[in-house]
Each structure stands twice: as structure tokens, then as C-alpha cells.
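Residue numbers (the UniProt record's numbering): 1 to 585. Beta carbons are placed, not taken as given, at the ideal position from N, Cα and C, and that holds for glycine. Source: prediction; values computed, not measured. Here's the structure, in C-alpha cells; my notes come after.
Written out as C-alpha cells, the structure is:
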């Protein structure tokens, strides 16, 4: 054959043909890879569009889970069998109008409280036993009855005791199918959507919960399909014998899945391998164009992108200049991108500076609020003092004096809040030192040989705990000074101890001696307000109190867990200060 081909052009053509043949084979292989990638992208697109179509439903169910969790925590606090629990449920449904009812089931599986009287989840004994053995959030369906009752989808979340972690029950909220089905039906026109659980039960459908035959016929069970986190696609035969593309995507923590049945033409996306095959010369031209295109792309695009990427990685607020992108001979489009990026850096730095200024301004305003509150409280205390001068009744004077002491304690607290370096947390030991010392100055009887002692561990607290702790200390110290006595063997003594233990466990201990009264005044103002305030402050701290009475000693002690503290720029500046110990004799 070779001897028959004598023309140079023919031989050159033959050589070129033989040399191009491998390129053609490579083109076929690459085209096949492109087809596979295109099909994979199609699958990803179908899954993404299916998940997006149910995004509103997903957000609604997640909010329902969150609402049920919050209601469960509230019921655990107020008591599930109380009228307050019913009020909480009713108020929630009234404010969140999307819900049909909210209820709480106790640990025995009985309906404890509800927004609508006896309306709630009807647990069977087997269902509740399974839930109690494996407490977990569940989503179920309650179909409406013939009497016109709404069909609802119910989100249930277990409630646990925060200390023992024992199961207290389950909180449930119900959404009407008229809402959930409408959301599914209002998304994409070329797909039928339904929500199913891990067992395949239909929870909601765009066709309506009463018209789910097309989904029930398929009998799709996620547990049996080997789901992956991104979902799967597969072909199914519907009840009319039509092959359709189905997509199944996890929606909520492998508990709820969205099932989409797409129209048949969606799966027709395909690229023919034969159609992608081209003559040898065009393939060679394509290869040449590819090489030239790659070099041009690298010159005009990639090198500029690499510069911008490196500048982005180098940017920090401490050194914003390192992130500025300066491109060498870029196209106009990349010059615009670089200018936009550099402008964004300038705006970010300016916004950061403005934010810091706003934070500083807000802190100053907050300090000013505490300052003015302190001044107003001092004014009220002065008015009470003038009123006491005009009152002749000793009992009334004692009541006014006690009110004045409490007002002055509040004034001292607000003074400490605006003079503290940090507005995020408060030095509780310093605050207690000021409040207790003020109580000593007012409450220690004149001429009485009373020894007072404060031992306060350094402690930073959230203001929400520091304030009730200071008020509690004032009440207990005032009470101790009121009943302090001289023991048979020793001097009258009062000790205040603040202990910062492990795991942020805080203990306040107030001790006073008992014995011969130091003054003729015995007892309080007769209202019991002090005792109620002490109970309220202990409850506000989330702690427990204990009272011990011995022959010559009375001790009040309360313990609570301090809240975790937020990060603050001034944190740690006072960490080297030690506990204060003050004595007067």
C-alpha cells in the first residue's frame, strides 16, 4: 500500500491522518468524560432545585422545632400541670398565628397543658413507650376528621430536666397542612413535591395531604435507599406507568426528606458520543485552539486571578495595605474587579473604624444611664431622709429607713456599673465590698464592739447575676446586723464570704453570732418583705439557699453557677487583684 502512494501530498496527508488519529481517540474519550460530568452536574442541579423548592417548608419546620424546644423548656420551668403552662402555650399560638395549637405531654404520656384546652398530640401507649425509650425530635401527621377538624403536621421535641437530664415530657406545635401544602405547591411548576419521614410516611404534599396517591404508590423508604448527605436521583414508574425522574434530598437532620417527581422530559438531558465525534482535521484545530486558548487564558485571566487570590489571603485589619491588589497590564474587566476589591477593603476598614466608634459611643451612653440612675436613686434616698425627719412613729421610721437603705444599695450598684472598666462583666467582689461596707456603716450599732469581716474571692460576673447578688448580700447582711447578738464566750462577730469555686460555682455565705441582743430593737418591719426579696434574688440567680442555726451562730448560704462570660478587650486587666478583707472593731 505504501508503495502505491507516490504523491508527497498523499503521503503527508496519510502521515497527518495517522498522527491525528490518536487525537481523535483522545477527543472521543474526553467527550465521554464530558458527558459523564454533564450527567453528574444534571443530578446535582436536580437535587439542588428539589431542595430549594422545599426551602420555605424546611425553614417553617425548623422554626417549629425551635418553638417546641423553647416551649418545652418553659413548661419545665413553670411546671407542666400549672395554669401558667396553659397560658404560655395559648400566648404562643396567639402571637405566632401560623400554628394551630401548642401542647405539652408529661413523662407518663398524658396531655399536661395545651393552648386549646384538651387539644394536643394523642399518643398511643406503644408510641409513647418508644418515644420515652429513645427521646428525639419527631415530626408526625394528624389527619383531620370528618367533623371539619384541621389536618396538621406536628413537630415534637423532648424536654429534659436541666440538672438530672431526666425526661420531663415532650412539647409539640402543630402547623396546618393548608399552609405547608400550599408552600410546596407554590414553588416549581415542573415538579411534584412531598415531605416524607425516614419510614416513607408522607408528611406534606404539594398535591394536598388528602391526595397523595402518587407518592404512596411509589412506597419510597429513605432508610432502604442508602441515602447520602446530598441526596439521590432515580427513575420511577408512576401510577400511570410513566417513567419519571425522582429526587430524594435530606431536609432536616435525616428525619425529614423532600421527594420530588420531575416531568419526564427533564431526564432527557444527554449528549450523543457519536455527535461529539468530529473529523480529524477539526479535532486537530480544536486541539490547537485549546492550546492557544489556554495560553491566552493564563496570560489574560489566570495570572491576575492568582494575584487577587494572594492579596485576599494576605489581607488583615492590622495590615490592610498587604491586601491591596495591583495588577500588571490587566484587561479593563480585571482592572474594574481590582478597583472594586480595593474599594471594598477601604470600606471594610472604614466600617470597622466606624463600628469601633459606635461601640465606644454606646458604652459611654450606657455609663451615662447608670450614672443618672445612681443620681436619681440618691435623690430618692434624700427625699426619704427628709420624710423620716417629719415622722414621729418609730415603726414608720424603721420602714422608711429600710426603704432608704435598699435605695442606697441600688445606687451603689449602679455606681459600680458605670465606674467598672468593662461593660460586659462586673467585678462582683468589688461590688459586694462596697455594698456590704455601706451596710456595715449603717447597720452596726453605735458603741457596740462588733467585729465585721469580708473575705471576697476575685470574681467576674455577668451584670444579670452581679446585680441580684449584690442586692442579696445587702438584704442578708442587713438581716444579720438586725439579729446579731453577743455570745456567752466571745465578742459579737459578722462574716461575709464570697467563694469562687470550680466550674464557676459561686457561694455567698453570711454568718453572725447569736446571744444577748445589742439593741432594744428586735424584729423587722413586720411585712416579711426582706425574706421575699431574698427568695426572689436566689431564684433570679438560679441558685439554692440554706440556713443553719446553732446555739451561738446563724448562717445563711446560697450557691449558684455563674454564666459564661463574653470576650472583652478589658478582660484580664484586673485579674491580678486579690480578695478584699475588711474588719472594723
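So, are the CB atoms of residue 205 and residue 184 less than 8 Å apart? yes
Mark residue 464 as exposed unless 16 or more other C-beta atoms lie within 10 angstroms of its C-beta, in which case mark it buried. exposed
Spatial neighbours of residue 478 in its chain, beta-carbon cut-off 7 Å, leaving aside the 5 residues before and after: 405, 439, 443
Label residue 370 either buried or exposed according to how many other C-beta atoms from any shown protein chain fall within 10 Å of its C-beta, with 16 as the threshold for buried. Result: buried.
Cut-off 6 Å between Cβ atoms - residues of its own chain near residue 128, not counting five sequence neighbours on either side: 109
For residue 82, does the three-state DSSP call read helix, strand or coil? Look at residue 82 here: in three-state DSSP terms it is coil, with no helix or strand label.
Here's the rule: buried if 16 or more other CB atoms are within 10 angstroms of the residue's CB, otherwise exposed. What is residue 523? Any answer about residue 523 is weak, because its pLDDT of 49 lies below 50 and its placement is not dependable; what the coordinates show is given next. With fewer than 16 Cβ atoms within 10 Å of its Cβ, residue 523 is classed as exposed.
Distance, Cα to Cα, residue 565 vs residue 367? 19 Å
Cβ of residue 309 within 7 Å of any heavy atom in the ligand PLP? Of the ligands one can find in the structure shown there are none, so the ligand PLP has no counterpart to examine.
Under a Cβ-count criterion, where at least 16 other Cβ atoms within 10 Å of its own Cβ denotes burial, should residue 163 be classed as buried or exposed? Label assigned to residue 163: exposed.
I need the straight-line Cα distance from residue 534 to residue 557, nearest angstrom please. 11 Å
Roughly how far, in whole angstroms, is the beta-carbon of residue 552 from the beta-carbon of residue 513, given that I think they are within contact range, below 8 Å? 6 Å
Whose CA, out of 106, 177, 54, lies closest to the CA of residue 211? 177
Residue 57 versus 256, 40, 45, residue with shortest Cα-Cα distance: 256
For residue 478, name the three-state secondary structure that DSSP assigns. helix
Own chain partners of residue 486 with C-beta closer than 6 Å, once the 5 adjacent residues on each side are dropped: Taken in chain order, the residues that qualify are 492, 515, 516.
Determine whether the beta carbon atoms of residue 104 and residue 72 lie at a separation below 8 Å. It is a contact, given that the beta carbons lie within the stated cut-off.
Name, in chain order, the residues that DSSP records as bridge partners for residue 454. 496
Confirm, please, whether the CB-CB distance from residue 472 to residue 456 is below 8 Å. no
Quick check on the DSSP output: what are the complete alpha helix (DSSP H) runs of length 4 or more inside the stretch 317–399, in order along the chain? If we require 4 residues or more, the alpha helix (DSSP H) runs fully inside the stretch 317–399 come out as 332–389.
Could you check what DSSP says for residue 273 in three-state terms: helix, strand or coil? At residue 273, the pLDDT of 45 sits below 50, so the modelled position is not reliable; the number obtained from the coordinates is stated separately. Helix.
DSSP on residue 511, reduced to helix/strand/coil? strand
Quick check on DSSP: helix, strand or coil for residue 531? helix
For residue 104, list the residues DSSP reports as bridge partners. 113, 171
Leaving aside the five residues before and after residue 546 along the sequence, list all residues of the same chain whose C-beta is less than 6 Å from its C-beta, in chain order. 557.
May I ask you to list the residues that DSSP assigns as paired with residue 252? 256
State the start and end residues of the unbroken alpha helix (DSSP H) segment that holds residue 218. Run containing residue 218: 213–218, per the alpha helix (DSSP H) assignment.
Compare the beta carbon distance of residue 425 and residue 460 with 8 Å and say whether it is the shorter of the two. yes
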